[in-house]
Structure formats: structure tokens, C-alpha cells
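Written out below as C-alpha cells is the structure these notes cover.
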Amino acid sequence: MTRAAVRLRLTAAVTAGVAIMAVPLAAGPAQAAPVTVNVTYVHRHYEVQFKGTVSPDGPKGYTIKGTFHARCAAGALTTQYVTFGYGPASKGWFYKTLSCDSDDLPAHMEISGNRPAGDKIDLQVGATSGVGNTWQYGDKVVADIGN
């Protein structure tokens, strides 16, 4: 074999090796875009809202970002509360609860959590607007953030 032929084969082998090694470095799996959510509860003198986004954080994580607003009935004899419920659809609920007269409202929230791969995230807001300060909730919102 001539020197030129050896060089040509070596050049081809090196080029093929670089191309094979570059493929895994090109790109990872695509992340789903954030899902915009507007979660509300309105009942007589109560208005509770969470407005924000839910994003995947890898296949087994999620991040919720947004603002929690509330307006409660004036002149109640007992402390009124509002809550933001969230969690993976197959796992159950976690809650962030605040007093209606809290200086923390409106509240900016940034929450991270774990989920089974591909699980959707449930969100719901509510208030102690029922008889005897019982909890009442708005409709559940489901954020499908993919894998």
C-alpha cells in the first residue's frame, strides 16, 4: 500500500471517528415549553387566583412560578385563609396557605418538586369561605408538561 493510500485511509478513519463522537454532544432531549396557568376561585366576596407557569425540570421534576392573589370578605369574625394546592397528578396535594390579611399577599411563588416521569401537575386554589370557615375550592387545573 502506498503512503498516499495509507494517509487517505487514516484521514477517513479519523473523520469518521470525530463524526461518531460528535453526535452524542449535538443535543439532548428537548424540554417542553412552560405551560401558562390561570387558577381561580370566586365565591361571593372571595376572589383567589394563581397566575403563572408550570415547567418540566427534567423528566422527573417540575417548577411552578407565578403570583398568588386574594381578596377576602371584609368584617369576618374569624381569620380567613386562602390556599394554593399543587402536586403531581398521581401523588396528591401540597399546599401553600396564607391568612387573607397577610402582608405577604400578593405572593410571588417559585416551587420545585418531583414527579413520576411524564406525570401531569394538578393545581387548585381555595378559601375558608364556607359555613363555619370550611374550605371551598375552584376548579382543578391540569398542566401537561410532558416528559
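Residue numbers (my numbering): 61 to 207.
Beta carbons: idealized from backbone N, C-alpha and C, even for Gly.
Nothing here was measured: the structure is a model prediction, and the numbers come from that model.
Rounded Cβ spacing between residue i and residue j (contact assumed at less than 8 Å)
i	j	result
ILE205	ALA92	5 Å
ASP117	SER150	Between SER150 and ASP117 the Cβ distance is about 17 Å, and since that is not below 8 Å, they are no contact.
ALA167	LYS120	Incorrect: roughly 27 Å between the Cβ atoms, too far for contact.
CYS160	GLN184	Actually they do not touch by this definition, with Cβ atoms about 17 Å apart.
Nonlocal neighbours in the same chain, by C-beta distance under 6 Å from residue i, ignoring five residues either side
i	result
GLN109	THR100, HIS129
GLY37	This structure gives no information on residue 37, because the portion of the chain shown stretches from 61 to 207.
LYS125	GLY112, THR113, GLU170
GLY173	TYR122
ASP221	Residue coverage of the chain in this structure runs from 61 to 207, which leaves residue 221 outside it and unanswerable.
ASN193	THR138
HIS105	ALA133
GLU107	ARG131
Outcome for residue i when other beta-carbon atoms lying within 10 angstroms are tallied against a minimum of 16
i	result
MET81	The predicted position of MET81 is uncertain, since its pLDDT is 44 and thus under 50; a value taken from the coordinates is nonetheless stated next. Exposed, because fewer than 16 other Cβ atoms sit within 10 Å of the Cβ of MET81.
PHE154	exposed
VAL142	buried
ASP163	exposed
GLY186	buried
ALA86	For ALA86, the predicted structure reports a pLDDT of 42, less than 50, and the residue's modelled location is therefore unreliable. A value from the coordinates is still provided. ALA86 comes out exposed.
VAL102	exposed
THR188	buried
GLY135	exposed
Strand pairing of residue i, partner residues [DSSP]
i	result
GLN109	THR100, HIS129
ILE205	Answer by DSSP bridge pairing: none, since ILE205 is not bridged.
PRO116	TYR122
Chain-order list of residues whose beta-carbon lies under 7 Å from that of residue i (same chain, five-residue window excluded)
i	result
ASN207	PRO119, ALA177, GLY178
Beta-carbon proximity list for residue i, same chain, < 8 Å, skipping 5 on both sides
i	result
VAL78	Residue placement at VAL78 is poorly supported in this model, since its pLDDT is 44, which falls under 50; the coordinates still yield a value, given next. Nothing meets the Cβ criterion.
Problem - In chain order, each alpha helix (DSSP H) run of at least 4 residues that lies wholly inside the region 142-201 - result: none
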